Amino acid sequence: MSRPAVDFYDPRTYTAGVPHDAFAVLRRECPVYRQEERAILGWPAGPGYWAVTRYHDVVHVNRNPNLFSSQLGATQIRDPKPEDLAFQRRMMLNLDPPDHSRLRRIVSKAFTPRRIERLAGFLRDRARALVDAVAPVGACDFSLDLAADLPLLALAEVLGVPAGDRRLLFEWGNRVIGFQDPEYARRDESGRPVDPRSRAALADMFDYAHRLAERRRRDPGDDVITGLLLAEVDGQTLSREEYENFFFLLTVAGNETLRNVLPSGMLALLEHPGEHRRLLEDPSLLGTAIEEMLRFSGPVMCFRRTAAADIELAGVDIAAGDKVVVYYASANRDGAVFPDPDRFDIGRTPNEHLAFGAGPHFCLGAHLARLQMRVFFEEVLWRLPDLELAGPVQRLQSNFQAGVKHMPVRFSTKGGIA
Ligand code: HEM
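Position in the sequence shown (from 1) plus 58 gives the number in our numbering.
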């Protein structure tokens, strides 16, 4: 295969959108592709990795954590500093069974569908208020004015964080997910980018998490934090560090993903006006439309694993210790599974996309994510039916999350009355 013109590692690649054409070439010609990691944006060079691009290979990797580990080198492309690895392994995301299974059982006790379902009314009120605020103006930044606040409000409610503190959640999320983007990246005194994945870089967040836990111990509520503090499996509860890391995981995973999928889902509709109109005329398609938004423009492009043994995958020899990166964004466009994969079809069924991953780490928040998307689009689409782009969108510079940072839109003001 000739060398692709695209560097899949370079975060700047994604400011022009996910390079779907280049992924299609990989799926066809070199489905497990060797990507080098050059020194970039102040970060040192890395050893390179195997990019896994076909649907069935991605599922195979995710379902075999004994061969493709989340624990050996954690789950982000860039290797953690050796001194930070132990810290990162306190997080469920960066563990393999059986340690992962134990933690997942504990936190699942707090993160129950009943607790999530009860949020529906709260979310609807908040989504309606967000539309109320922009409707009389006739224009807004969809990403900031409509999409950013709902996930924060939802998360604050789920965690029992006072609503006034939700800017803190926003700031921590930006620090972690936006670290490759000049709008959010932090630099040290010598101008080098700060790695957000260490205990020191997140000390303020952990202090906050402990203060919140103290408050919940004194004054228990019906929130996930109270549930976490009480949850017990086989006589074991969460350790202090496990609690800290779960707070961290929820704060980032529960906010950044949604804040990005709401504008990118809307953008998919705006770029396919026939499908937009079809949905406005038939609201019963909203459920399948949401699944198609997740498949077509899901926010999580990839996750990393580390080979635990010498393995062959799609005819390629992978050595123990090699980095393996599963590209959900590519798997979701695999024509072997999705007929006419580049077509945005809001009625697509079946639609077994991998936007939430697969295997033991399947997204714990999938139910909450779908609920928020449903409520949000129910409020926005029919009240602002003539919403259209009013300028170029600005995407996040990241090789991990496909984000839409700014999306100027306009609409007529008659949707102002709910
Ligand atoms: C559209 C929104 C979302 C998307 C696309 C998404 C995507 C994902 C993906 C792909 C994974 C798998 C990670 C892997 O392969 O290693 C994951 C895991 C996870 N997600 Fe989500 N997520 C979303 C929303 C949420 C929300 C709202 C929450 C919670 C508030 C959440 C919490 C988690 C947690 C805790 C895990 C780790 C599960 C584990 O390690 O067992 N996510 N998510």
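C-beta atoms are modelled at their ideal positions from N, C-alpha and C, and glycine is treated no differently. The structure displayed is predicted, hence computed values, not measured ones.
Taking C-beta atoms as the reference points, Arg353 and Val119 fail to come closer than 8 Å.
Unbroken alpha helix (DSSP H) runs of no fewer than 4 residues, entirely contained in the stretch 374-446, are found at 386-389, 424-441, following chain order. Two segments are said to touch when three or more pairs of C-beta atoms, one from each, lie closer than 8 Å; by this definition the stretch 207-214 touches the stretch 302-319. A distance of 8 Å or more separates the beta carbons of Leu84 and Ala103.
Secondary structure of Arg85 (DSSP, three-state): helix. Relative to the Cα of Ala178, the nearest Cα in the group Ser456, Phe305, Arg428 belongs to Arg428. Using a C-beta cut-off of 8 Å, the stretch 315-331 makes no contact with the stretch 176-194, since fewer than three inter-stretch Cβ pairs fall below that distance. Residue burial is scored here from C-beta neighbours: Phe420 has fewer than 16 other C-beta atoms within 10 angstroms and is therefore classed as exposed.
With contacts defined as CB atoms closer than 8 Å, Gly100 and Pro240 fail to qualify as a contacting pair. Counted as a single uninterrupted DSSP element, the stretch harbouring Gly312 is not any beta strand (DSSP E) but the alpha helix (DSSP H) occupying residues 298-329. It is roughly 44 Å from the alpha-carbon of Gly218 to the alpha-carbon of Leu371. According to the DSSP assignment, Ile369 belongs to the beta strand (DSSP E) that extends over 369-371. In the same chain as Val319, and ignoring 5 residues on each side of it, the C-beta atoms closer than 6 Å to its own belong to Pro357, in chain order.
DSSP places Pro69 in the helix class (H, G or I) of the three-state scheme. For Asp199, the enclosing beta strand (DSSP E) begins and ends at 197-199.
If only complete runs of 4 or more residues are kept, the stretch 227-296 shows the alpha helix (DSSP H) at 261-276, 282-288, in order along the chain. For Ala168, the enclosing alpha helix (DSSP H) begins and ends at 157-168. Contact check for Ile404 against Arg336 passes: the beta carbons are separated by less than 8 Å.
Proximity to Thr111 across Leu412, Glu141, Ala144 peaks at Leu412, based on C-alpha coordinates. Rounded to whole angstroms, the separation of the alpha carbons of Gln452 and Ala460 is 11 Å. Residues of the same chain with a CB within less than 8 Å of the CB of Ala206, apart from the 5 flanking positions on each side, are Phe228, Arg317 in chain order.
Secondary structure of Pro105 (DSSP, three-state): strand.
Secondary structure of Val192 (DSSP, three-state): helix.
Thr315 counts as buried, since at least 16 other C-beta atoms from the protein chains shown sit within 10 angstroms of its C-beta.
Where Val462 is concerned, the enclosing beta strand (DSSP E) starts and stops at 462-464.
Burial is judged here by how many other beta carbons sit within 10 angstroms of a residue's own beta carbon; His114 has fewer than 16 and is exposed.
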